[in-house]
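Peer 1: Residue numbering for the sequence shown is 7 to 292, as defined by the numbering used here.
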Amino acid sequence: MPHATAQTYSISDKICNSGDVVADLEALRAAGFEYIHFSTRWFQDAPMEEAEIKLWEQALAQTGIKVLDVHGTLTPKVNLWVDDPDRRALAFELLLHRLEVTHRLGGDAIVYHAPNTIEPSEQVYRYLVDGLARAEETARDLGIRIALENHYDAELTNRSLEICFERFEPDYLGLTLDPGHANLAGNLEWLCRNCHDRLMVLHLNDNDGERDRHWLPQDQRGTIDWDLVVECIAKSPYNKPLQLEVIPLPGSSAPDAGYLREARATLDDLQRRITQARQKDSSPTD
């Protein structure tokens, strides 16, 4: 499959906050975004209502926007690694539900956080592996992959990825790279060095190393090493559109046209650099 062209980009629906789904998607389309990362209702311990899923199906069809991939549903208390068996069972049912939502909306992958807000232990990793193993048949039947997202705790993230990548094949399980999370955890270099070959989903954003700001990449206030991120993507098998996970401007009630133009220009620059890096790597050497 050829690498994505510079004209095709994606952005998280977290930028959509007017309350009018169609209007928000039309604003994204007008700014040149053809895809979204669907994250609506991701931070809850209940499935989406059927009416809301249908609303999104209709809005996507009406606007021509496509879903690239989807954020999985989980919370600090309801997730695949929690010790409580009832909450863990609920988390598994929510994962299956989200796989179905991803299939219906046309995405090809679902993001699931690596363990966080818990002490590292072998039991945590066993719970995670067990949940992912039980979801594999459903995911494969639906044609959906799962991409573990690096989170704030480097030890939990790194060990989870090591264990899961050893256990599962790359056509089922991969990496969601969030440079913002890695900047806070201090493991961006480790991720880029050890996991680039599993890169499946992008959550591109910047921060100052103090908080998860979700600024545009290469923000002047940011401290992320974007040369490293570019190199990581360039040497990876990632061939989908570059994708932002940024948040609305303070006080805005709809996707801001000026901000979206800046976002697209930022992605143009990153895409140019990635393309150049790939061309350099593929050039014959003496």
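Built from N, CA and C at the ideal position, the CB exists for glycine as well.
Is His-209 helix, strand or coil by DSSP?
Peer 2: Mapped onto the sequence shown, residue 209 falls at position 203. Coil, per DSSP.
Peer 1: Quick one: is Asp-19 buried, meaning 16 or more other Cβ sit within 10 Å of its Cβ, or exposed?
Peer 2: By one-based count along the sequence shown, residue 19 stands at place 13. Buried.
Peer 1: Label Phe-39 either buried or exposed according to how many other C-beta atoms from any shown protein chain fall within 10 Å of its C-beta, with 16 as the threshold for buried.
Peer 2: If you number the sequence shown from 1, residue 39 lands on position 33. Buried: at least 16 other Cβ atoms inside 10 Å.
Peer 1: Could you check how far apart the C-beta atoms of Arg-151 and Gly-180 are, in whole angstroms? I think they sit under 8 angstroms.
Peer 2: Here residue 151 corresponds to residue number 145 of the sequence shown, with the count starting at 1. Here residue 180 corresponds to residue number 174 of the sequence shown, with the count starting at 1. Confirmed, about 6 angstroms.
Peer 1: Which residue comes first and which comes last in the alpha helix (DSSP H) that contains Ile-321?
Peer 2: Look at the range of the chain in this structure, 7 to 292, and you will see that residue 321 is not part of it.
Peer 1: Smallest Cα separation from Leu-74: which of Arg-47, Glu-58, Leu-102, Val-107?
Peer 2: To locate residue 74, count along the sequence shown from 1; it is residue 68. Residue Val-107 is the option with its Cα nearest to Leu-74.
Peer 1: May I ask you to report which of helix, strand or coil DSSP gives Cys-198?
Peer 2: By one-based count along the sequence shown, residue 198 stands at place 192. Helix, per DSSP.
Peer 1: Take the Cβ of Ala-10 as the centre, count every other Cβ of all protein chains shown within 10 Å, and call the residue buried at 16 or more, exposed below.
Peer 2: Walking along the sequence shown from the start, residue 10 turns up at place 4. Residue confidence for Ala-10 is low, a pLDDT of 45 falling below 50, so the modelled location carries little weight; the figure read from the coordinates is stated next. Flag for Ala-10 reads buried.
Peer 1: Taking 8 angstroms as the threshold, find out whether the region 85 to 100 comes into contact with the region 22 to 33 through three or more Cβ pairs.
Peer 2: The region 22 to 33 and the region 85 to 100 do not touch, with fewer than three beta-carbon pairs separated by less than 8 angstroms.
Peer 1: For Phe-44, name the three-state secondary structure that DSSP assigns.
Peer 2: On the sequence shown, position 38 is the one that residue 44 refers to. Looking at Phe-44 - three-state DSSP - the assignment turns out to be strand.
Peer 1: Less than 8 angstroms separating the beta-carbons of Asn-189 and His-157?
Peer 2: Numbered from 1 along the sequence shown, position 183 holds the residue referred to as residue 189. Numbered from 1 along the sequence shown, position 151 holds the residue referred to as residue 157. Cβ distance not < 8 angstroms, so Asn-189 and His-157 don't count as in contact.
Peer 1: Would you say Glu-32 reaches chain B, if we count a Cβ-Cβ gap shorter than 8 angstroms as a contact?
Peer 2: The question asks about chain B, but that chain is absent: this structure has only one protein chain.
Peer 1: Mind reading off the beta-carbon distance from Ala-160 to Leu-222? Whole number of angstroms is fine, and I expect it under 8 angstroms.
Peer 2: Position 154 of the sequence shown holds residue 160. Position 216 of the sequence shown holds residue 222. That belief does not hold up - the Cβ atoms of Ala-160 and Leu-222 are roughly 24 angstroms apart, past 8 angstroms.
Peer 1: Tell me the rounded alpha-carbon separation between Leu-276 and Ser-258.
Peer 2: Indexing the sequence shown from 1 puts residue 276 at position 270. Indexing the sequence shown from 1 puts residue 258 at position 252. Going by the C-alpha atoms only, they are around 26 angstroms apart.
Peer 1: Between which residues of its own chain and Lys-286 is the CB-CB distance below 7 angstroms, once the five residues before and five after are set aside?
Peer 2: For the purposes of this step, residue 286 is taken as the residue at position 280 of the sequence shown. Excluding sequence neighbours, Lys-286 sits near nothing in its chain.
Peer 1: Under the rule that 16 or more other beta-carbon atoms within 10 Å means buried, what is Asn-85, buried or exposed?
Peer 2: The count along the sequence shown starts at 1 and reaches residue 85 at position 79. Classification of Asn-85: buried, given that the 10 Å Cβ count is 16 or more.
Peer 1: Under 8 angstroms between the Cβ atoms of Met-54 and Ala-115?
Peer 2: Here residue 54 refers to the residue found at position 48 of the sequence shown. Here residue 115 refers to the residue found at position 109 of the sequence shown. No; because the gap between Cβ atoms is not below 8 angstroms, this pair is not in contact.
Peer 1: Excluding the 5 residues preceding and the 5 following Gln-68 in the sequence, name in chain order all residues of the same chain whose CB lies nearer than 7 angstroms to its CB.
Peer 2: Sequence index remark: in the sequence shown, residue 68 carries index 62 (1-based). Only Val-28 meet the Cβ criterion.
Peer 1: Look up Glu-128 in the DSSP assignment and say whether it is helix, strand or coil.
Peer 2: Walking along the sequence shown from the start, residue 128 turns up at place 122. Note: Glu-128 maps to helix in three-state DSSP.
Peer 1: Sort out for me which residues DSSP pairs Glu-155 with in a bridge.
Peer 2: Position 149 of the sequence shown, counted from the start, is the residue given in the question as residue 155. DSSP lists His-119, Thr-182 as partners of Glu-155.
Peer 1: So, does the region 219 to 237 touch the region 251 to 266, judging by three or more C-beta pairs under 8 angstroms?
Peer 2: yes
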